[in-house]
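Engineer: Quick one: the structure is below, questions incoming.
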Amino acid sequence: MDLTYKQEVGVGAIVLVGLAVFLVGMFWLTGQPLRASGISVDLMFESVAGLKQGDPVLVSGVKKGRVARVALERVKSVRVTIEISRDIAPHIDASAAVAAMDLFGAKFIDYNPGAREEMLARGHVITGSNAPDITDVAQGVATRANELMENAANIVSDRLGEDIHNTLLVTQRAMNALSGMPEGPFVKQTTRTLQATERVMQRVDSMLGSGTGANVDSISRNLARLTDHLGHTTAQLDTLLSRMNRGEGTLGRLASDTMMYHDLHALSVSLTALLTDLKEHPDKYMKPGLVRVKMF
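What follows is the structure, encoded as structure tokens:
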């Protein structure tokens, strides 16, 4: 009788320990704290672009909280509740933005608690914004390129020089935005394309600024090359972005299938371990006398 009772107590203890481990693991995986030690702040966005519960809240690149809740109230009105440390409580000029952490769709909240002395009243909502990502930059370049090609049809237009100059400024801003994004083959290729476009437009802009009629023929030839170049670049960007959205190609698969990324990472780790072991213990993989080295 005593043995049976002890067995029941042991089984019950194992079940309770397993349940506790499961709950702690669930909280750890979802990024939720076991006890609330911070404060909750509500943000309002028109679109959160893939933001989800558990995503980090960063202040100057340092994680200071997490996204606790994402709820759609109506079209173009999304309420996001974040849990942050008390030392970064929002001031009246606090701001927040949804930004891309990488090219694979991960998002985070870029939070600024503000600098004014007056604190934000409890229950007040902060109106957030969306930081531009690589898709927005590419779309902006394509839009400006279309406008430039329309203006290039009339070489004697008084606004042509101003339009080309404005397009050059937009391209430079797009390059500045790309320089702050994570490194990757797509970002590098897009940056090279924008740099080539910028160089062509700088030549055209400098010739238009001279105001001499002798350069009209040269301007026409450069505009023709620029039109072809921008048309080809726009088509390539549209095709690449469409394939990525459909999950086609290497970038598309990596963006839509996280298992491929984990498999490639595991393969890289395994190959590294194999090469390390081969260097340290070559006799495990080659029989003595099988390999002969002839010295000259």
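Residue numbering for the sequence shown follows our numbering, beginning at 1 and increasing consecutively.
Yeah, the Cβ is synthetic: ideal placement off N, Cα and C, and Gly gets one too.
Being a predicted model, the structure only gives us computed values, none of them experimental.
Is the beta carbon of PHE22 closer than 9 Å to that of PRO56?
Structural biologist: Counting from 1 along the sequence shown, the entry for residue 56 is found at position 56. Counting from 1 along the sequence shown, the entry for residue 22 is found at position 22. Not in contact: PRO56 and PHE22 (Cβ atoms no closer than 9 Å).
Engineer: In whole angstroms, give me the CA-to-CA distance for LEU240 and THR234.
Structural biologist: Here residue 240 refers to the residue found at position 240 when the sequence shown is read from its first residue. Here residue 234 refers to the residue found at position 234 when the sequence shown is read from its first residue. Distance between the alpha carbons of LEU240 and THR234: 10 Å.
Engineer: Leaving aside the five residues before and after VAL125 along the sequence, list all residues of the same chain whose C-beta is less than 6 Å from its C-beta, in chain order.
Structural biologist: Start at 1 with the first residue of the sequence shown, and residue 125 comes out as number 125. Excluding residues within five positions, the ones whose Cβ falls inside 6 Å are ASP42 and MET44.
Engineer: Write down the C-beta distance between ALA131 and ASP110 rounded to the nearest angstrom, noting that I regard them as a contact closer than 8 Å.
Structural biologist: In the sequence shown, the residue the question calls residue 131 occupies position 131. In the sequence shown, the residue the question calls residue 110 occupies position 110. Confirmed, about 7 Å.
Engineer: Which term fits VAL24, buried or exposed, when burial requires 16 or more other beta carbons within 10 angstroms of its beta carbon?
Structural biologist: Walking along the sequence shown from the start, residue 24 turns up at place 24. Exposed, since its Cβ has fewer than 16 Cβ neighbours within 10 Å.
Engineer: If LEU51 sits next to VAL70, beta carbons under 8 Å apart, how far is it from one beta carbon to the other, in whole angstroms?
Structural biologist: For the purposes of this step, residue 51 is identified with residue 51 of the sequence shown, where counting begins at 1. For the purposes of this step, residue 70 is identified with residue 70 of the sequence shown, where counting begins at 1. LEU51 to VAL70, Cβ: 6 Å. Contact.
Engineer: Please report the residue range of the beta strand (DSSP E) in which PHE45 lies.
Structural biologist: By 1-based counting over the sequence shown, the position of residue 45 is 45. Here the beta strand (DSSP E) through PHE45 covers 39-45.
Engineer: Nearest-angstrom Cα distance between ILE84 and LEU58?
Structural biologist: Along the sequence shown, one-based indexing puts residue 84 at 84. Along the sequence shown, one-based indexing puts residue 58 at 58. So the two alpha carbons sit approximately 9 Å from each other.
Engineer: Can you name the start and end residues of the beta strand (DSSP E) that VAL62 belongs to?
Structural biologist: Numbered from 1 along the sequence shown, position 62 holds the residue referred to as residue 62. Residues 62-74.
Engineer: Roughly how many angstroms separate the alpha carbons of LEU72 and GLN236, rounded to a whole number?
Structural biologist: Locating residue 72 in the sequence shown gives position 72, where the first residue counts as 1. Locating residue 236 in the sequence shown gives position 236, where the first residue counts as 1. Whole-angstrom Cα-Cα distance: 35 Å.
Engineer: Buried or exposed: LYS64, going by 16 or more other Cβ atoms within 10 Å of its Cβ?
Structural biologist: Counting from 1 along the sequence shown, the entry for residue 64 is found at position 64. Answer is buried; the Cβ neighbour count reaches 16.
Engineer: Please work out which residues of its chain come closer than 6 Å, Cβ to Cβ, to GLY213, disregarding the five sequence neighbours upstream and downstream, and give them in chain order.
Structural biologist: By 1-based counting over the sequence shown, the position of residue 213 is 213. Low confidence applies here, because GLY213 scores a pLDDT of 49, under 50, leaving its location unreliable; read the following figure in that light. Taken in chain order, the list of residues that qualify is empty.
Engineer: With distance defined between alpha-carbon atoms, name the residue in LEU223, ALA49 and HIS232 nearest to ALA99.
Structural biologist: What you label residue 99 is simply residue 99 of the sequence shown in a count that begins at 1. Among LEU223, ALA49 and HIS232, the Cα nearest to that of ALA99 belongs to ALA49.
Engineer: Taking Cβ positions, are GLY128 and SER77 nearer each other than 9 Å?
Structural biologist: Here residue 128 refers to the residue found at position 128 of the sequence shown. Here residue 77 refers to the residue found at position 77 of the sequence shown. For GLY128 and SER77, no; Cβs fall outside 9 Å.
Engineer: Ends of the beta strand (DSSP E) at ALA96?
Structural biologist: Taking the sequence shown and counting its residues from 1, one reaches residue 96 at position 96. Where ALA96 is concerned, the enclosing beta strand (DSSP E) stretches over 95-100.
Engineer: Alpha carbon to alpha carbon, what distance is there between THR81 and ALA115?
Structural biologist: Indexing the sequence shown from 1 puts residue 115 at position 115. Indexing the sequence shown from 1 puts residue 81 at position 81. Going by the C-alpha atoms only, they are around 21 Å apart.
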